[in-house]
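Step one of this worksheet: look at the structure below.
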Amino acid sequence: MEITPESLEKIAHLARLQVAPQDREKLLESLNKTIAWVDKLSEVDTTGIEPLTHMTHEVNRLRKDKIEQTLTHEQALSQAPDHDADYFRVPKVID
Amino acid sequence: MYRSFADIRTALSHGSITVASLVQQYLGVVAQRNGELNAFLETYNEEALQQAYQIDQKIAAGRAGRLAGMVIGLKDVICYQNHRLQAASRILNGFHSQFSATVVERLLAEDAIILGRQNCDEFAMGSSSENSAFGAVRNAADINRVPGGSSGGSAVAVQAHMCTASLGTDTGGSVRQPASFCGLVGVKPTYGRLSRHGLLAYASSFDCIGTLTHTVEDAALLLEVMAGADNFDSTASTQPVTPYSKQVQEQPKCGKVAYIRETIESEGVSSEVKEHILQAVEILQSEGFTVEAVDFPLLEYILPTYYILTTAEASTNLARYDGVRYGYRSPRATDLESLYKLTRSEAFGKEVQRRILLGTFVLSASYYDAYFTKAQRVRRLIMDKTKAILADYDFILSPTSPTTAFRVGELSDNPLQMYLADIFSVQANVAGIPAISIPCGNDTEGMSIGLQIMGNFFEEAKMLAFARFLMEKCAN
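So the sequence lines, in the order shown, correspond to chains A and B. Counting from 1, position 22 in the first sequence corresponds to residue 43 in our numbering; the numbering is continuous, with no gaps. Counting from 1, position 328 in the second sequence corresponds to residue 358 in our numbering; the numbering is continuous, with no gaps.
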């Protein structure tokens, strides 16, 4: 599998990153080297092996669904780069 | 300077020091050496001294906690309420923790003092502590060498006697490998033994908080205080915590120890590292242990499995850093999409962006099964084979890392080569088992060599007692 300049653009968009034109070539080379290296896993026979999806040994740790205030509205907004009295502010989304 | 907490307790009980004078001593070393070593990003001088005065009063009144006199540094990924936290990344510029990690709460409840936050690889991604927005950390044994990573600042702070102990995090060896490079004891507990509440997530199914100390006894005490179930982390284990600090003193039974043949015989392992590990093997044999080589044909697949899964998890975990609610926001943004993209591209470092891109790739619809699911299947195989060895043997020995500390800048342009520094440590994270690195001598250039011991799930007590025993024997 190889990442092309086009697929790099697509992946970068999905990750909400922007690759600077001067970094593109070096980055592609390094990503493709890494992918060629992890491609090694295709040598391993995993027929009939279930994917391991959870590492915890705990099963269904349940608790009461009760409301608690762990952070006040004010605290939640206090570190925002931009906010008003009630909300986080971002540049206009809809024209 | 005090090597162990036991030494500090003795000095406190003799009245030759106070907790306040101890904190002053540590701060003195920070003032003297942190400029060149770059281990601490920040220390809380006034606050730590105030806490120290209060703890001195508690000691006088006979109601001090078990960690009175323990001065601790936190890797810059562990929350401490009302203190700055930024994962050595520009993306969290100005961020303050609004609560403390569960492990920090438990340390404070026993009167430990938090001295400051420590430099590391950005978001714990790296093996040399060079990928930091604040510049590289230097090894105190030779400032032209790296301290290992990603918990490099935490290791150097203990190595250089700036604090008694540090908390680091270990996702693929990030506590054990710097412990190995800095001549310390580094413990990565069983996955879920310590709560991850208040830890900035890198790869959630791998991340473990761990300890960096001069002695195994100090690690045992810290783990005993911090371990246990937590309502804020449902993956934290409800298995009872045993008194590790007592159990660490027990004489280990002369059981069976395995070493994975390739971890000693492979060409990538430096000859001096090999020699010291084989000496430890001989010591164990002379003490009556059975030590045998075993084969682990999956060894070469462990790192690729690790990188697929951790980059995938990182790409989702780091999606939250978007410039909206906290931290850095690009001043050049014109609409919401450019706000996300510019913020993230300007503030994340190169290696973090590389890993996010890789993770996004392996999770993308067309490649999900070929990479992500495949790696999850191989992960199960690796875990099962590791379990099978631990069904026959009490421990698995190996070098912690194939070499001693390399030079600053030596591997910075070669990520794949850098990844190999973790080749022996990642197995414990892939399988979820506990592991410890202990010092077992120096190479001819005076750089320390680490020996790794992997144990079975939740057998921390047994592993710590064995490690203490072996470390004493290696030192003689």
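We treat Cβ as the ideally placed atom computed from N, Cα and C, and that holds for glycine.
H78 (chain A) and S235 (chain B): beta carbons closer than 9 Å?
-> No; because the gap between Cβ atoms is not below 9 Å, this pair is not in contact.
C-beta neighbour in chain B for A101 (chain A), strict 9 Å = It does; some Cβ of chain B falls within 9 Å.
Would you check if the distance between the CB atom of L252 (chain B) and the CB atom of L97 (chain B) is smaller than 9 Å?
-> Their beta carbons are under 9 Å apart, which means L252 (chain B) touches L97 (chain B) by this criterion.
Out of curiosity, what's the CA-to-CA distance linking N81 (chain A) and G222 (chain B)?
-> Straight-line Cα distance between these residues: approximately 14 Å.
Give the interface partners of R84 (chain A) over in chain B, defined as CB-CB distance under 9 Å, in chain order.
-> The contacting residues are N261 and S264.
Put N68 (chain B) into one of helix, strand or coil per three-state DSSP.
-> DSSP places N68 (chain B) in the coil class of the three-state scheme, outside both helix and strand.
If I'm right that G99 (chain B) touches I38 (chain B) with Cβ under 8 Å, what's the distance once you round it to whole angstroms?
-> At roughly 5 Å, the Cβ-Cβ gap stays under 8 Å, so G99 (chain B) and I38 (chain B) are in contact.
Residue-level contact to chain B via CB, P42 (chain A), 9 Å cutoff = With 9 Å as the cut-off, P42 (chain A) does not count as an interface residue toward chain B.
Straight-line Cα distance separating R385 (chain B) from E64 (chain A) = Going by the C-alpha atoms only, they are around 23 Å apart.
What does S375 (chain B) reach in chain A if we use C-beta pairs closer than 9 Å?
-> Near S375 (chain B) (Cβ distances below 9 Å), the residues of chain A are A33, R37, L38, Q39, V40 and A41.
Buried or exposed: which applies to K85 (chain A), given that a residue is buried once 16 or more other Cβ atoms fall within 10 Å of its Cβ?
-> By the neighbour-count criterion, in which 16 or more other beta carbons inside 10 Å mark a residue as buried, K85 (chain A) falls on the exposed side.
Sufficient close CB pairs (3 or more, under 8 Å) joining the region 349-365 of chain B to the region 424-435 of chain B = These segments do not touch.
Put K54 (chain A) into one of helix, strand or coil per three-state DSSP.
-> DSSP places K54 (chain A) in helix when its eight states are reduced to three.
Member of B:Q81, B:Y74 and B:D141 whose CA lies at the smallest distance from the CA of H113 (chain B) = Minimum Cα distance to H113 (chain B) is reached at B:Y74.
Looking at C-alpha atoms only, which residue of A:I88, A:S51 and A:A36 is the closest neighbour of T25 (chain A)?
-> Ranking the options by Cα distance to T25 (chain A), first place goes to A:S51.
List the residues of chain B that L49 (chain A) touches, going by C-beta distances under 8 Å, in chain order.
-> Under the 8 Å cutoff, chain B gives no residues; its nearest Cβ is about 10 Å from L49 (chain A).
Identify, in the order they occur along the chain, each residue of the same chain with its Cβ nearer than 8 Å to the Cβ of Y110 (chain B), setting aside the five sequence neighbours on each side.
-> Contacts found: L104, S127, S130, A131, V134, I144 and R147.
Buried or exposed: where does P361 (chain B) fall if 16 or more other Cβ atoms within 10 Å of its Cβ makes it buried?
-> Within 10 angstroms of the beta-carbon of P361 (chain B) lie fewer than 16 other beta-carbons, which makes it exposed.
How many angstroms separate the CA atom of P334 (chain B) from the CA atom of L328 (chain B)?
-> Those two C-alpha atoms are separated by around 11 Å.
Would you identify the three-state DSSP class for P533 (chain B), choosing helix, strand or coil?
-> Residue 533 (chain B) lies beyond the residue range present for chain B, which begins at 31 and ends at 506; the question has no answer from this structure.
D263 (chain B): which of B:E254, B:A231 and B:S275 sits nearest, CA to CA?
-> When only C-alpha atoms are compared, the closest one is B:A231.
Rounded distance between the beta-carbons of Y331 (chain B) and K61 (chain A), thought under 8 Å = Sure, about 6 Å apart at Cβ, within 8 Å.
Between the C-alpha atoms of V299 (chain B) and T293 (chain B), what's the straight-line distance to the nearest angstrom?
-> Using only the alpha carbons, I get a separation of about 7 Å.
What is the rounded straight-line gap between the Cα of L366 (chain B) and the Cα of Q406 (chain B)?
-> Rounded to the nearest angstrom, the two C-alpha atoms are 35 Å apart.
Backbone CA spacing between P112 (chain A) and S345 (chain B) [nearest angstrom] = Roughly 24 Å between the two C-alpha positions.
Cβ contact (3+ pairs, closer than 8 Å) linking the region 36-53 of chain B and the region 77-92 of chain B = Flag = yes, the region 36-53 of chain B and the region 77-92 of chain B touch.
Closer than 8 Å, Cβ to any Cβ of chain A: which residues of the region 120-131 of chain B, in chain order?
-> Flagged, chain order: G124, F125, H126, Q128 and F129.
Does the distance from the CB of A185 (chain B) to the CB of L229 (chain B) come in under 9 Å?
-> In this structure, the beta-carbon distance from A185 (chain B) to L229 (chain B) does not fall below 9 Å.
L57 (chain B) beta carbon near the ligand SAM (any heavy atom closer than 8 Å) = No copy of the ligand SAM appears in this structure; indeed no ligand is present at all.
Kindly confirm or deny that the region 160-171 of chain B and the region 452-471 of chain B touch, where touching means at least three C-beta pairs closer than 8 Å.
-> The region 160-171 of chain B is not in contact with the region 452-471 of chain B.
Pull up the distance between the alpha-carbon of R409 (chain B) and that of T340 (chain B), whole angstroms please.
-> If you take the alpha carbons of R409 (chain B) and T340 (chain B), they lie about 12 Å apart.
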